[in-house]
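Protein chains in written order, with the working numbering: chain R, 1 to 235; chain Z, 236 to 497. Quick reminder that beta carbons are idealized off the backbone N, C-alpha and C, glycines included.
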């Protein structure tokens, strides 16, 4: 027999989905800004491995020569990005959801087992509540990263007014690199996140839109021998 | 198992119904809000451009946001917030130049140059470079920041703008909300809020790395205003004026933030 199991409260779903277009706009307008001085590359022993980004990439997205537009969008949507993040954090604190999200002292060991399980190296994953250990670490890290983006952003945006933020970031130059690195981090998170959602399946995806999951519960009148299968979904 | 009456609904059917209903409502809302967001983005992205004036080149709602954001962050601005100072040894030997708008006149002779200050009634106060050099010098080594994203530690020397105001008795004029500056040919022009112009680290520089400022860096006199992006650091100042309304500003006319403060 099917059962409706409530999973994600409305505020969690709302802040999650609102974040998606906002972050897209922030990354896009950030690229418009970054193009004006795109100096970052990864060079080891004189060999450049990665140059962010090649010309065809900029041209494909028609990024060049749009600095003022990028700044205008960035400095508008930074408010929404910050407010949405603050709202989410306040909600998790007040509702007690943070208990499901913050990694505990077992999480770092367990997360490794989850990864092995996901890679089909290990058969069983450690028992979990709403989120598994790897999710706890990832979902907490992404919030820390979001706060980091706001903080490093302030350090670049107002290095005189918020000189202490710039100082804590190790200077203007490093703050800009950190701000950029965090963006790359979001993109990596996004790729893994989407792959995991696809693997976890429809039931899991639906819960982030409608809030509930459907679990199969054996009907005690029909079945005498309990044959409970563990929940399949990990995400 | 008994055969149930066709009309009574089983708990399974009830639940399926409920699932269907909740799915429909939530996904319809999701798609509806998604479409609204896409529509809102379209409206913003294609919103009318501001009518050109002191500011131009940006979409109206974005300019409004820039101006509101300026007001918000100006509350944090204070003359107590000084720009970080570096030792002279850290100053760049090769000072980066970025653009020559307003200073590309051929045959410009720094010797013929005089700083012009517009007095009430339109009279011009003309000041030669030697008079400026005779006044107390202020030096600063700080990190110059370009709106493009690069920064460089630079060493400048010159007359503090606040000292110029004091020396020439312009205190009453300088109580106006804005200061406007432009190149002698009028091709590059900037507007500054009073607090930033009178900031103790704002100087009219005639020295770079303890030598006269080179032509491409704005000889004979340029603005060094460390609390602003480089776009406000006007090279080769020709004329200075005071006003209660925002003076015209080259980059603010091209979609950039008027304030451009750091």
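Would you identify the three-state DSSP class for residue i, choosing helix, strand or coil?
i, result
"residue 309 of chain R", "Since the displayed chain R opens at 1 and closes at 235, residue 309 of chain R lies outside it and no answer follows."
"residue 342 of chain Z", "coil"
"residue 268 of chain Z", "helix"
"residue 177 of chain R", "helix"
"residue 365 of chain Z", "helix"
"residue 119 of chain R", "coil"
"residue 292 of chain Z", "coil"
"residue 332 of chain Z", "coil"
"residue 469 of chain Z", "coil"
"residue 386 of chain Z", "strand"
"residue 50 of chain R", "strand"
"residue 102 of chain R", "coil"
"residue 310 of chain Z", "coil"
"residue 62 of chain R", "coil"
"residue 39 of chain R", "coil"
"residue 478 of chain Z", "strand"
"residue 352 of chain Z", "strand"
"residue 113 of chain R", "helix"
"residue 284 of chain Z", "strand"
"residue 370 of chain Z", "coil"
"residue 130 of chain R", "coil"
"residue 252 of chain Z", "helix"
"residue 360 of chain Z", "strand"
"residue 380 of chain Z", "strand"
"residue 420 of chain Z", "coil"
"residue 488 of chain Z", "helix"
"residue 322 of chain Z", "coil"
"residue 197 of chain R", "helix"
"residue 13 of chain R", "helix"
"residue 206 of chain R", "helix"
"residue 433 of chain Z", "coil"
"residue 299 of chain Z", "helix"
Of all the CB atoms in chain Z, is at least one closer than 9 Å to the CB of residue i?
i, result
"residue 212 of chain R", "yes"
"residue 57 of chain R", "no"
"residue 2 of chain R", "yes"
"residue 145 of chain R", "no"
"residue 178 of chain R", "no"
"residue 206 of chain R", "yes"
"residue 79 of chain R", "yes"
"residue 196 of chain R", "no"
"residue 21 of chain R", "yes"
"residue 69 of chain R", "yes"
"residue 45 of chain R", "no"
"residue 167 of chain R", "yes"
Using the Cα positions of residue i and residue j, report the straight-line distance between them to the nearest angstrom.
i, j, result
"residue 45 of chain R", "residue 181 of chain R", "21 Å"
"residue 25 of chain R", "residue 65 of chain R", "17 Å"
"residue 260 of chain Z", "residue 304 of chain Z", "38 Å"
"residue 133 of chain R", "residue 215 of chain R", "21 Å"
"residue 123 of chain R", "residue 158 of chain R", "51 Å"
"residue 91 of chain R", "residue 461 of chain Z", "40 Å"
"residue 115 of chain R", "residue 262 of chain Z", "31 Å"
"residue 284 of chain Z", "residue 290 of chain Z", "11 Å"
"residue 366 of chain Z", "residue 468 of chain Z", "22 Å"
"residue 152 of chain R", "residue 359 of chain Z", "45 Å"
"residue 167 of chain R", "residue 160 of chain R", "10 Å"
"residue 495 of chain Z", "residue 426 of chain Z", "10 Å"
"residue 258 of chain R", "residue 254 of chain Z", "Residue coverage of chain R in this structure runs from 1 to 235, which leaves residue 258 of chain R outside it and unanswerable."
"residue 275 of chain Z", "residue 295 of chain Z", "14 Å"
"residue 314 of chain Z", "residue 483 of chain Z", "24 Å"
"residue 370 of chain Z", "residue 424 of chain Z", "25 Å"
"residue 415 of chain Z", "residue 197 of chain R", "56 Å"
"residue 273 of chain Z", "residue 77 of chain R", "15 Å"
Using DSSP bridges, identify the partner residues of residue i.
i, result
"residue 391 of chain Z", "Z:375 and Z:443"
"residue 426 of chain Z", "Z:415"
"residue 496 of chain Z", "Z:463"
"residue 6 of chain R", "R:212"
"residue 457 of chain Z", "Z:440"
"residue 44 of chain R", "R:47"
Check whether chain R comes within 9 Å of residue i, counting only Cβ atoms and requiring the distance to be less than that.
i, result
"residue 385 of chain Z", "yes"
"residue 359 of chain Z", "no"
"residue 391 of chain Z", "no"
"residue 281 of chain Z", "no"
Cβ contact (3+ pairs, closer than 8 Å) linking the region 127-141 of chain R and the region 52-59 of chain R: no
Three or more C-beta pairs below 8 Å linking the region 6-23 of chain R and the region 73-86 of chain R: yes
Inter-stretch contact (C-beta, 8 Å, three-pair minimum) for the region 168-182 of chain R and the region 335-353 of chain Z: no
Sufficient close CB pairs (3 or more, under 8 Å) joining the region 388-401 of chain Z to the region 437-444 of chain Z: yes
Touch test, the region 401-421 of chain Z against the region 373-385 of chain Z, Cβ-Cβ under 8 Å, three pairs minimum: no
Contact between the region 142-150 of chain R and the region 183-202 of chain R (3+ Cβ pairs under 8 Å): yes
The region 67-75 of chain R contacting the region 101-110 of chain R, beta-carbon criterion three pairs below 8 Å: no
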